[in-house]
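Quick note: to get the working numbering, add 1043 to the position in the sequence shown (first position is 1). Think of the CB as a built atom: it goes at the ideal place given N, C-alpha and C, for glycine as much as any other residue. These numbers were taken from a predicted model, which means no experiment stands behind them.
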Amino acid sequence: MEAIIREEVVTVALQTRIDNMHRRDQIGAIAFVVALWVAVLFVLFDIWPDVTNQGIRAILAAAGILVLLFNTAAIVAMLRHYHGDKHFIYSLDIKHLDQMRLRRARN
(Lines of atoms letter the chains of each structure in order from A and count residues from 1; the text may use other names and numbers.)
(Lines give C-alpha, C1' and ligand atoms only; values in the text may rest on other atoms or scores of the structure.)
Protein backbone atom coordinates (compact mmCIF):
# COMPACT_ATOMS: atom_id res chain seq x y z
CA MET A 1 0.00 0.00 0.00
CA GLU A 2 2.76 2.41 0.97
CA ALA A 3 4.65 1.67 -2.27
CA ILE A 4 1.56 2.58 -4.33
CA ILE A 5 1.13 5.87 -2.48
CA ARG A 6 4.82 6.67 -2.87
CA GLU A 7 4.63 5.91 -6.62
CA GLU A 8 1.59 8.20 -6.98
CA VAL A 9 3.42 11.01 -5.16
CA VAL A 10 6.44 10.59 -7.45
CA THR A 11 4.16 10.59 -10.51
CA VAL A 12 2.41 13.78 -9.36
CA ALA A 13 5.77 15.44 -8.62
CA LEU A 14 7.09 14.42 -12.04
CA GLN A 15 3.97 15.75 -13.77
CA THR A 16 4.32 19.05 -11.90
CA ARG A 17 7.96 19.35 -12.99
CA ILE A 18 7.01 18.50 -16.59
CA ASP A 19 4.27 21.15 -16.57
CA ASN A 20 6.67 23.74 -15.12
CA MET A 21 9.35 23.02 -17.73
CA HIS A 22 6.78 23.11 -20.53
CA ARG A 23 5.39 26.42 -19.29
CA ARG A 24 8.89 27.96 -19.14
CA ASP A 25 9.61 26.77 -22.68
CA GLN A 26 6.31 28.23 -23.88
CA ILE A 27 7.10 31.58 -22.30
CA GLY A 28 10.59 31.57 -23.82
CA ALA A 29 9.27 30.70 -27.28
CA ILE A 30 6.60 33.39 -27.13
CA ALA A 31 9.15 35.93 -25.90
CA PHE A 32 11.43 34.99 -28.81
CA VAL A 33 8.63 35.49 -31.34
CA VAL A 34 7.68 38.85 -29.82
CA ALA A 35 11.34 39.97 -29.81
CA LEU A 36 11.74 38.83 -33.42
CA TRP A 37 8.68 40.80 -34.54
CA VAL A 38 9.87 43.90 -32.67
CA ALA A 39 13.39 43.65 -34.10
CA VAL A 40 12.34 43.05 -37.70
CA LEU A 41 9.69 45.76 -37.65
CA PHE A 42 12.05 48.21 -35.95
CA VAL A 43 14.73 47.64 -38.58
CA LEU A 44 12.21 47.87 -41.41
CA PHE A 45 10.72 51.14 -40.14
CA ASP A 46 14.14 52.55 -39.30
CA ILE A 47 15.61 52.01 -42.75
CA TRP A 48 12.40 52.69 -44.72
CA PRO A 49 13.04 56.44 -45.24
CA ASP A 50 16.59 55.74 -46.47
CA VAL A 51 15.46 53.26 -49.12
CA THR A 52 14.13 55.31 -52.02
CA ASN A 53 13.91 52.58 -54.67
CA GLN A 54 10.39 51.10 -54.69
CA GLY A 55 11.63 47.72 -55.92
CA ILE A 56 14.06 47.41 -53.01
CA ARG A 57 11.32 48.49 -50.61
CA ALA A 58 9.04 45.75 -51.93
CA ILE A 59 11.80 43.14 -51.58
CA LEU A 60 12.61 44.26 -48.03
CA ALA A 61 8.94 44.22 -47.01
CA ALA A 62 8.33 40.80 -48.58
CA ALA A 63 11.48 39.32 -47.04
CA GLY A 64 10.61 40.72 -43.61
CA ILE A 65 7.07 39.37 -43.81
CA LEU A 66 8.29 35.94 -44.91
CA VAL A 67 10.86 35.76 -42.10
CA LEU A 68 8.23 36.72 -39.53
CA LEU A 69 5.58 34.35 -40.87
CA PHE A 70 7.84 31.32 -41.28
CA ASN A 71 9.53 31.74 -37.89
CA THR A 72 6.22 32.32 -36.14
CA ALA A 73 4.71 29.26 -37.82
CA ALA A 74 7.73 27.15 -36.87
CA ILE A 75 7.50 28.20 -33.21
CA VAL A 76 3.75 27.53 -33.13
CA ALA A 77 4.33 24.07 -34.65
CA MET A 78 7.07 23.38 -32.12
CA LEU A 79 4.83 24.39 -29.22
CA ARG A 80 2.03 22.12 -30.47
CA HIS A 81 4.45 19.22 -30.85
CA TYR A 82 5.90 19.79 -27.39
CA HIS A 83 2.40 19.95 -25.88
CA GLY A 84 1.47 16.63 -27.44
CA ASP A 85 4.69 14.86 -26.46
CA LYS A 86 5.63 16.82 -23.36
CA HIS A 87 5.62 13.81 -21.06
CA PHE A 88 8.11 11.93 -23.23
CA ILE A 89 10.29 14.96 -23.98
CA TYR A 90 10.45 16.47 -20.51
CA SER A 91 10.53 13.26 -18.47
CA LEU A 92 13.72 12.30 -20.30
CA ASP A 93 15.18 15.77 -19.63
CA ILE A 94 14.22 15.57 -15.96
CA LYS A 95 15.73 12.10 -15.65
CA HIS A 96 19.04 13.33 -17.06
CA LEU A 97 19.00 16.50 -14.94
CA ASP A 98 18.41 14.42 -11.80
CA GLN A 99 21.25 12.08 -12.71
CA MET A 100 23.56 15.03 -13.32
CA ARG A 101 22.64 16.60 -9.95
CA LEU A 102 23.21 13.27 -8.22
CA ARG A 103 26.68 12.94 -9.78
CA ARG A 104 27.58 16.49 -8.76
CA ALA A 105 26.39 15.87 -5.21
CA ARG A 106 28.57 12.76 -4.95
CA ASN A 107 31.72 14.61 -6.05
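- For residue 1094, there is no enclosing alpha helix (DSSP H), since its DSSP letter is neither H nor E.
- Secondary structure at residue 1063: helix, using DSSP grouped into helix, strand and coil.
- Here residue 1132 has 1125 as same chain residues with Cβ atoms under 8 Å from its own Cβ, once five neighbours each way along the sequence are excluded.
- The residues 1125, 1126, 1129 and 1133, in chain order, have a CB closer than 8 Å to that of residue 1065 in the same chain once the five nearest residues on each side in sequence are set aside.
- Nearest Cα to residue 1087 within the set 1075, 1060, 1100 and 1140: 1100.
- Closest option to residue 1120, judged by alpha-carbon separation, among 1056, 1148, 1069 and 1084: 1069.
- The C-beta distance from residue 1076 to residue 1115 rounds to 6 Å, short enough to meet the 8 Å contact threshold.
- Distance from the Cα of residue 1057 is smallest, within the candidate group 1146, 1150, 1143 and 1135, for 1135.
- Annotation for residue 1128: no alpha helix (DSSP H) segment contains it, and DSSP assigns it neither H nor E.
- In the structure shown, residue 1150 adopts coil according to DSSP, grouped into three states.
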